[in-house]
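Peer 1: My questions will all concern the structure given below.
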Amino acid sequence: MSSTFSGLEVAKRALHTQQAALYTTGHNIANANTEGYTRQRVNMSPTSPPYPPASRNRPEIPGQVGSGVEAGSIERIRDSFIDKQFRQENTKVGFYETKADMMSKMEAILNEPSEAGLSEIMDQFWKSLQDLSVHPEDSGARSVVKERGIAVANAFNYINDSLQQVRSNLKNEIGVDNKAVNSLIDQINQLNGQIAKIEPHGYVANDLYDERDRLVDQLSEYVDINVDYRESSGQPSPIAQGIATISLHSTDHKGDPILLVNGKKDAPPAPGSLQAVNHVFVDFDDTGNVKALFFAEPDPNKTAEQQSVDLVGTITDNNNGTTNDTTNDAAFIYADEFQLQGKLKSLVEGTGYLEGFQYDDGSGTVGTPGTPAGEFNVMLNKLDQMVQNFVMEFNAVHQQGYDLNNDTGVNFFDPAGTTASTIAVDAAIISDTDKIAASTNEDTDGDGTADNTGSSGNGENATRLANVYTNRVEEFVTYNDADLTNDPTIDEKSSIKGYFESIIGEMGVNAQESMRMQNNSQILRQQVEESRQAISSVSLDEEMTNMIQFQHAYNAAARNMTAVDEMLDRIINNMGLVGR
Numbered sequence: 001m002s003s004t005f006s007g008l009e010v011a012k013r014a015l016h017t018q019q020a021a022l023y024t025t026g027h028n029i030a031n032a033n034t035e036g037y038t039r040q041r042v043n044m045s046p047t048s049p050p051y052p053p054a055s056r057n058r059p060e061i062p063g064q065v066g067s068g069v070e071a072g073s074i075e076r077i078r079d080s081f082i083d084k085q086f087r088q089e090n091t092k093v094g095f096y097e098t099k100a101d102m103m104s105k106m107e108a109i110l111n112e113p114s115e116a117g118l119s120e121i122m123d124q125f126w127k128s129l130q131d132l133s134v135h136p137e138d139s140g141a142r143s144v145v146k147e148r149g150i151a152v153a154n155a156f157n158y159i160n161d162s163l164q165q166v167r168s169n170l171k172n173e174i175g176v177d178n179k180a181v182n183s184l185i186d187q188i189n190q191l192n193g194q195i196a197k198i199e200p201h202g203y204v205a206n207d208l209y210d211e212r213d214r215l216v217d218q219l220s221e222y223v224d225i226n227v228d229y230r231e232s233s234g235q236p237s238p239i240a241q242g243i244a245t246i247s248l249h250s251t252d253h254k255g256d257p258i259l260l261v262n263g264k265k266d267a268p269p270a271p272g273s274l275q276a277v278n279h280v281f282v283d284f285d286d287t288g289n290v291k292a293l294f295f296a297e298p299d300p301n302k303t304a305e306q307q308s309v310d311l312v313g314t315i316t317d318n319n320n321g322t323t324n325d326t327t328n329d330a331a332f333i334y335a336d337e338f339q340l341q342g343k344l345k346s347l348v349e350g351t352g353y354l355e356g357f358q359y360d361d362g363s364g365t366v367g368t369p370g371t372p373a374g375e376f377n378v379m380l381n382k383l384d385q386m387v388q389n390f391v392m393e394f395n396a397v398h399q400q401g402y403d404l405n406n407d408t409g410v411n412f413f414d415p416a417g418t419t420a421s422t423i424a425v426d427a428a429i430i431s432d433t434d435k436i437a438a439s440t441n442e443d444t445d446g447d448g449t450a451d452n453t454g455s456s457g458n459g460e461n462a463t464r465l466a467n468v469y470t471n472r473v474e475e476f477v478t479y480n481d482a483d484l485t486n487d488p489t490i491d492e493k494s495s496i497k498g499y500f501e502s503i504i505g506e507m508g509v510n511a512q513e514s515m516r517m518q519n520n521s522q523i524l525r526q527q528v529e530e531s532r533q534a535i536s537s538v539s540l541d542e543e544m545t546n547m548i549q550f551q552h553a554y555n556a557a558a559r560n561m562t563a564v565d566e567m568l569d570r571i572i573n574n575m576g577l578v579g580r
């Protein structure tokens, strides 16, 4: 037969188990609004009944009388597959949100179409030239042309300066986000160290897992990561999550995997140590373009800037005295090969990077300098190309005309200002509007005399200047094939006006596509997040129901213990009294 006192043990186990369930329910309720918290539950299982060996005195119903319940473990209710989906979508959101924000800033700077945009300012300039062609001798019309020309130059200067300022801000943001990434890496590594001390003793660090998962979610917004887990040493619980290893979904310049947090079992660094992490360091050139991203152990004795300089050194080529970049053995990814989505990638594309850049091999030979690429670099380059051709074409026509002093060969725009940042009206025009060459040395009325001779001119050159806006520009012509043997295709991009309209059109399409992808990625992330919350979040209604259920179970267990106590009291204190 079973022990007379076994009923007390069964009731005691029930009390302890239901009490643990009540405490866990209270913990869930207390953290209902805690960010990143995952609801927990007590895994209850029946305790094994005694199975006595075969004997003449064994119970008649061996193994059929239960011995109670036990709280085997407390685990988080979480789906790792949904976690992976969320991080993938979070990476896309980080990329497209940043890109959409950058494109909206670019659109705001160019401000097209609007009355304050460059197109309207240039239209006013061309209109002033048309007015001048009708009244070439009018000083007022000449002053308007000068002022409109200055307005065009100022507009280009403003657009260039504003775009460069956004680039500078994006570079600063890379620095801020770079520090945020490294901070997240350090925090995850420290949690690894704490978990590695707890799990070997059979405990489950649920709240530490929650915090680590929350940090991993944040990290996934910046870079595309992969998370693996390995068992702790000692005797960990079967449901212990283990030590996390965070790696990029990419390889370095040598083809080796890039670990941000090294939690691998065969790795010598202990979890939580500085040697178990690789910080991210971004290498810029003098103009703010990203050359590469480095991944190296942090040096506590140096700032991030000092260590970044140590990762990329310089040497001098004795043949020509130029300085080239060299690297040590640290892992890195060239910026143009950094294809991982995430906020950091979008910022690199925005602030600009060097395409085709390569570091020197350390032998003194010249490395590959690379060419600037990225959203703002491309826009700035297109504006510079537009300004260069505009100034050259306009000055070429202006030089062919004659001013009121019967002089020719005068520039309207400063020939040295062939970029959006340097374009300016020539000082000679600013000081004397009579130097605006509005006339030609041609006989346009058929009287056999050049129209500009001894008069204010015919205004024909002002008309030609106005036509520069829509004239074909060779640099903007699209040819049918590379050898230029076929006739050129004269398309809408082959003029100053058409080229600028194509720039605005491409920018608008890119901005619209960025917004569309941002909305799509946000919707997908929200759907995954709702699925995750349906599984892992705390429902107060459900927890209140559980609390009532566990409370009644606890009360019933206590009543059971009272009943067993009364039975034992009857046996001990009230049996054998007959005949006394």
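In full-length UniProt numbering, the protein residues as written are 1 to 580. Even for Gly, the Cβ is constructed at its ideal location relative to N, Cα and C. Small disclaimer: the values here were computed from a predicted structure and weren't measured.
Name, in chain order, the residues that DSSP records as bridge partners for S73.
Peer 2: Per DSSP, N43.
Peer 1: Looking at the unbroken alpha helix (DSSP H) that takes in H16, where does it start and where does it end?
Peer 2: Here the alpha helix (DSSP H) through H16 covers 6 to 30.
Peer 1: Note down the Cα distance separating V397 from L465, rounded to an integer number of angstroms.
Peer 2: Whole-angstrom Cα-Cα distance: 6 Å.
Peer 1: Quick one: what's S521 bridged to in DSSP?
Peer 2: DSSP lists no partner for S521.
Peer 1: Since residue 585 and V204 should fall inside the 8 Å C-beta cutoff, what is the C-beta to C-beta distance between them, to a whole number of angstroms?
Peer 2: Because the chain spans 1 through 580 in this model, residue 585 falls outside it and cannot be assessed.
Peer 1: If we ignore side chains and look at the alpha-carbon of each, how far apart do T545 and E297 end up?
Peer 2: Approximately 50 Å, taken between the alpha carbons.
Peer 1: Can you confirm whether S431, when its beta carbon is compared against all beta carbons of chain D, has any partner nearer than 7 Å?
Peer 2: Of the protein chains in the structure, only one exists, and it is not chain D.
Peer 1: Under the assumption that G36 contacts E211 (Cβ atoms under 8 Å), give the Cβ distance between them as a whole number of angstroms.
Peer 2: Right, their Cβ atoms sit about 7 Å apart.
Peer 1: Starting from H201, follow the beta strand (DSSP E) in both directions and report where the run begins and ends.
Peer 2: From DSSP, H201 is part of no beta strand (DSSP E); its letter is neither H nor E.
Peer 1: Is it buried or exposed for M575, if we count other Cβ within 10 angstroms and need 16 for buried?
Peer 2: M575 is exposed by the Cβ-count criterion.
Peer 1: Mark F550 as exposed unless 16 or more other C-beta atoms lie within 10 angstroms of its C-beta, in which case mark it buried.
Peer 2: When all chains shown are included, F550 counts as buried.
Peer 1: Can you list, in chain order, the residues of its chain whose CB lies under 8 Å from that of G459, leaving out five sequence neighbours each side?
Peer 2: Once the five neighbours on either side are set aside, the close Cβ partners of G459 are L132, S133, V134, H135, P136, A438, S439.
Peer 1: Whose C-beta lies closer than 6 Å to the C-beta of L15 among residues of the same chain, with five residues either side of it excluded?
Peer 2: Same-chain partners within the cutoff: A557.
Peer 1: Can you tell me which of E120, N43, H27 puts its alpha carbon nearest to the alpha carbon of Y469?
Peer 2: For the residues E120, N43, H27, the minimum Cα distance to Y469 belongs to E120.
Peer 1: Let me check understanding here. Comparing Cα to Cα, which of Q526, L568, Q533, D434 lies closest to S80?
Peer 2: Minimum Cα distance to S80 is reached at Q533.
Peer 1: Among residues of its own chain, excluding the 5 on either side of G417, which ones have a beta-carbon nearer than 7 Å to its beta-carbon?
Peer 2: Result list for G417: V391, I423, A424, in chain order.
Peer 1: Using 7 Å as the threshold, is the C-beta distance between I436 and R148 below it?
Peer 2: No, they are not a contact pair.
Peer 1: P46 to D569, Cα distance in whole Å?
Peer 2: Approximately 28 Å, taken between the alpha carbons.
Peer 1: If contact is defined by three or more beta carbon pairs under 8 Å, each pair taking one atom from either stretch, is the stretch 190 to 204 in contact with the stretch 11 to 27?
Peer 2: They do not touch, by the three-pair rule.
Peer 1: So, for A292: in the same chain, excluding its five sequence neighbours on each side, which residues have a beta-carbon less than 7 Å away from its beta-carbon?
Peer 2: Excluding sequence neighbours, A292 sits near D283, F332, I333, Y334, A335.
Peer 1: Does the distance from the C-beta atom of P372 to that of G352 stay below 7 Å?
Peer 2: Against a cut-off of 7 Å, the Cβ pair of G352 and P372 comes out as a contact.
Peer 1: I need the straight-line Cα distance from L215 to R41, nearest angstrom please.
Peer 2: Straight-line Cα distance between these residues: approximately 23 Å.
Peer 1: Just the Cα atoms here: how many angstroms apart are S139 and T433?
Peer 2: S139 and T433: Cα-Cα distance of roughly 7 Å.
Peer 1: Pair every Cβ in the stretch 222 to 229 with every Cβ in the stretch 85 to 100, then say whether three or more of these pairs are closer than 8 Å.
Peer 2: Output reads yes: the stretch 85 to 100 touches the stretch 222 to 229.
Peer 1: Decide if M102 is buried, meaning its Cβ has at least 16 other Cβ atoms within 10 Å, or exposed.
Peer 2: Per the 10 Å Cβ criterion, buried.
Peer 1: Give the DSSP-derived three-state secondary structure of Y353 in the structure shown.
Peer 2: Three-state DSSP puts Y353 in a strand.
Peer 1: Report the three-state DSSP secondary structure of E231 (helix, strand or coil).
Peer 2: Residue state, collapsed to three classes: coil.
Peer 1: Quick check on R472: does DSSP put it in helix, strand or coil?
Peer 2: DSSP places R472 in strand when its eight states are reduced to three.
Peer 1: In terms of residue numbering, what span does the alpha helix (DSSP H) encompassing A563 cover?
Peer 2: Start and end: 540 to 569.
Peer 1: Can you look up K291 in the DSSP assignment and give me helix, strand or coil?
Peer 2: Here K291 sits in strand by DSSP.
Peer 1: For the alpha helix (DSSP H) holding T419, just list the boundary residues, first then last.
Peer 2: Element bounds for T419: n/a, residue is neither H nor E.
Peer 1: Beta-carbon within less than 6 Å of D487's beta-carbon, same chain only, minus the 5 sequence neighbours each way: which residues are those?
Peer 2: Here the model assigns D487 a pLDDT of 44, short of 50, so the residue's position is not dependable, and the following value carries that caveat. No residues qualify anywhere along the chain.
Peer 1: Relative to the C-alpha of V280, which residue among L248, G370, A270, Q522 is closest?
Peer 2: Nearest option by C-alpha distance: L248.
Peer 1: Please name the residue or residues paired with H279 in a DSSP beta bridge.
Peer 2: Beta-bridge pairing links H279 to A296.
Peer 1: Check the DSSP bridge columns for V261 and list the partner residues they point to.
Peer 2: According to DSSP, which records beta bridges pairwise, V261 is partnered with I246, V277.
Peer 1: Sort T38, K105, N519, E112 by Cα distance to I77 and report the nearest one.
Peer 2: Ranking T38, K105, N519, E112 by Cα distance to I77 puts T38 first.
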